[in-house]
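Worksheet: the structure to be examined is printed underneath.
In my numbering, the protein residues as written are 1301 to 1577.
Structure representation (structure tokens):
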């Protein structure tokens, strides 16, 4: 990757400047260009030039309000446990998890991670074809998907508001487009650890999703399973999802025990609320 820049500026190499920019994201998840320049010790013009190129390579992402955050490739690398060799990453474990879930439920299964205000995902459909891989082309909007809601429910309030400001586009007549209804749906998901969408992205399918957490309770990913009949299949799907998300959370968080921020089986009245919000 050839990045532009004057390597003699302030006696620092281009590599040094790029490294200092990337290291600013250990101080917080998002920064304005001014903050990046200050934290990296660079002139605004240099910071602008290098962050723009890093963004073009998707190592950084630019949010709708002009801030920058680590891009998907860096976040995927960041899930590796460098202090505990052998601990898996999402990229390593996700295909196995969704292939097992698809075989067990005979349904479409997707695992997604937030990428800017979209959800980058991999998918397994029933049958012999292997799971797909993460790519910049494989994204879906967050608001009408169960995995997107499971991710947003445990993300920052700022991320939620940016999603709403961007616009809750209607993909079907059933898509939730009201900001108040959307916030209520996220509140139910925070309570139950279950996200449910009814025909909101695809008119013929409902989806049930649950979050996956890392160390410190940070949401890292979410898994969703397609459902034809919520009334008939929801409890069975939630039981299967709970096992899968708890297992993956334990692996990624490096915790041996069951003390995890995932609710194994929500109460029936909570499930009804989640499905009808």
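Just so it is clear, CB atoms sit at the ideal spot from N, CA and C, and this is done for glycine as well.
Residue range of the beta strand (DSSP E) that residue i falls in?
i            : result
residue 1409 : 1409 to 1415
residue 1524 : 1519 to 1527
residue 1439 : 1439 to 1441
residue 1420 : 1418 to 1424
Which residues mark the beginning and the end of the alpha helix (DSSP H) in which residue i is found?
i            : result
residue 1448 : 1446 to 1452
residue 1539 : 1530 to 1553
residue 1399 : 1390 to 1405
residue 1467 : From DSSP, residue 1467 is part of no alpha helix (DSSP H); its letter is neither H nor E.
residue 1482 : 1479 to 1492
residue 1319 : 1314 to 1323
For residue i, write down the residues that DSSP places opposite it in a beta bridge.
i            : result
residue 1589 : With the chain represented from 1301 up to 1577, any question about residue 1589 goes unanswered, as that position is not in the structure.
residue 1360 : 1370
residue 1330 : 1369
residue 1513 : 1519
Just confirm the distance between the C-beta atoms of residue i and residue j, as a whole number of angstroms; I'd bet it's less than 8 Å.
i            : j            : result
residue 1246 : residue 1417 : Since the first residue of the chain shown is 1301 and the last is 1577, residue 1246 is not available in this structure.
residue 1457 : residue 1511 : About 16 Å; that fails the 8 Å criterion.
residue 1411 : residue 1443 : Residue 1411 to residue 1443, Cβ: 18 Å. No contact.
residue 1362 : residue 1355 : 5 Å
residue 1518 : residue 1446 : The pair is not a contact, with the Cβ atoms about 20 Å apart (cut-off 8 Å).
residue 1548 : residue 1397 : 6 Å
residue 1390 : residue 1521 : 6 Å
Let me confirm a value: residue i is counted as buried when at least 16 other C-beta atoms fall within 10 Å, else exposed. Which label applies?
i            : result
residue 1506 : buried
residue 1317 : buried
residue 1433 : exposed
residue 1436 : exposed
residue 1323 : exposed
residue 1344 : exposed
residue 1366 : exposed
residue 1465 : exposed
residue 1441 : buried
residue 1430 : exposed
residue 1545 : buried
residue 1274 : What is shown of the chain runs 1301 to 1577, which leaves residue 1274 out entirely.
residue 1532 : exposed
residue 1393 : buried
residue 1369 : buried
residue 1408 : buried
residue 1406 : exposed
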